């Protein structure tokens, strides 16, 4: 099963990868591999266009069911669906990577290999950054624990338990949407109050706009590393 991060490299026949790009997977679609649509089209020198409101790749209409987006609007395309746009897709068990080739341009290929997701929460900057490989897939402001309920520092991981709406058994059945368990009583979850030092220790993500909390919930896979670091500045409110 294809999982975690995928790095995409461009190569010509008989040569090593010339450049490595990053692809994306989602916990809610196990085994499905995505790549940035523009990077794929640029790699093979084929166009992405729009006609009568319909996106086209290599002059063939894109089924929107094969796409997803990063929060910055970057379009992602399911790698397996490239077979409908003039490409062949094959998984190489020996090299442990997928190989995509263009029927129109012999000798060029995109290689896809497994990698890791990871998340870092910086308490000083009140910032969560998520990567797959070397590429950032999410960057968002967060809220952390108040002085009496400090968010712990350490290297943890996303646990198996997650739910669209968790209810706190410690704090009056308080709602915790898009909750992913990290360690002890600590979750990453959505909140309408995702600013400053305002939680009971959890990491709160905003739900406004494109909903970073929901996006992380759908993306982060079990056992992905979550690092919490930094200190809250002295005299900060």
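Residue numbers (my numbering): 19 to 255. Don't be surprised by glycine CBs; every beta carbon is placed ideally from N, CA and C. Given the structure is predicted, the values throughout are model-derived calculations rather than measurements.
*Would you list the residues sitting across from residue 140 in a DSSP beta bridge?*
As computed with DSSP, residue 140 is found in a beta bridge with 145, 247.
*Is the CB-CB distance between residue 198 and residue 246 below 8 Å?*
Against a cut-off of 8 Å, the Cβ pair of residue 246 and residue 198 comes out as no contact.
*State the DSSP-derived secondary structure class of residue 225, mapped to helix, strand or coil.*
It is coil, neither helix nor strand.
*Note the first and the last residue of the continuous beta strand (DSSP E) segment covering residue 232.*
From DSSP, residue 232 is part of no beta strand (DSSP E) but of the alpha helix (DSSP H) over 230 to 237.
_Distance check for residue 105 and residue 134, CA to CA, integer angstroms please._
If you draw a straight line from the Cα of residue 134 to the Cα of residue 105, it is about 26 Å long.
*From 161, 124, 151, pick the residue whose C-alpha is nearest to that of residue 331; which is it?*
Here the chain covers residues 19 to 255 and nothing more, so residue 331 does not appear.
*asked:* Can you list, in chain order, the residues of its chain with a C-beta nearer than 7 Å to that of residue 62? Leave out the 5 residues immediately preceding and following it.
replied: Within the same chain, 120, 123, 126 come within 7 Å of residue 62 by CB-CB distance, once the 5 residues on both sides are set aside.
*Which runs of the alpha helix (DSSP H) fall wholly inside the stretch 49 to 137 and span at least 4 residues, in chain order?*
Fully enclosed alpha helix (DSSP H) runs of 4 or longer: 55 to 62.
_Buried/exposed call for residue 82, threshold 16 Cβ in 10 Å_ = Burial call: exposed.
*Are the CB atoms of residue 215 and residue 139 nearer to each other than 8 Å?*
No, the Cβ-Cβ distance between residue 215 and residue 139 is not below 8 Å.
*What does DSSP give as the partner residues of residue 182 in its beta bridges?*
None; residue 182 has no bridge partner.
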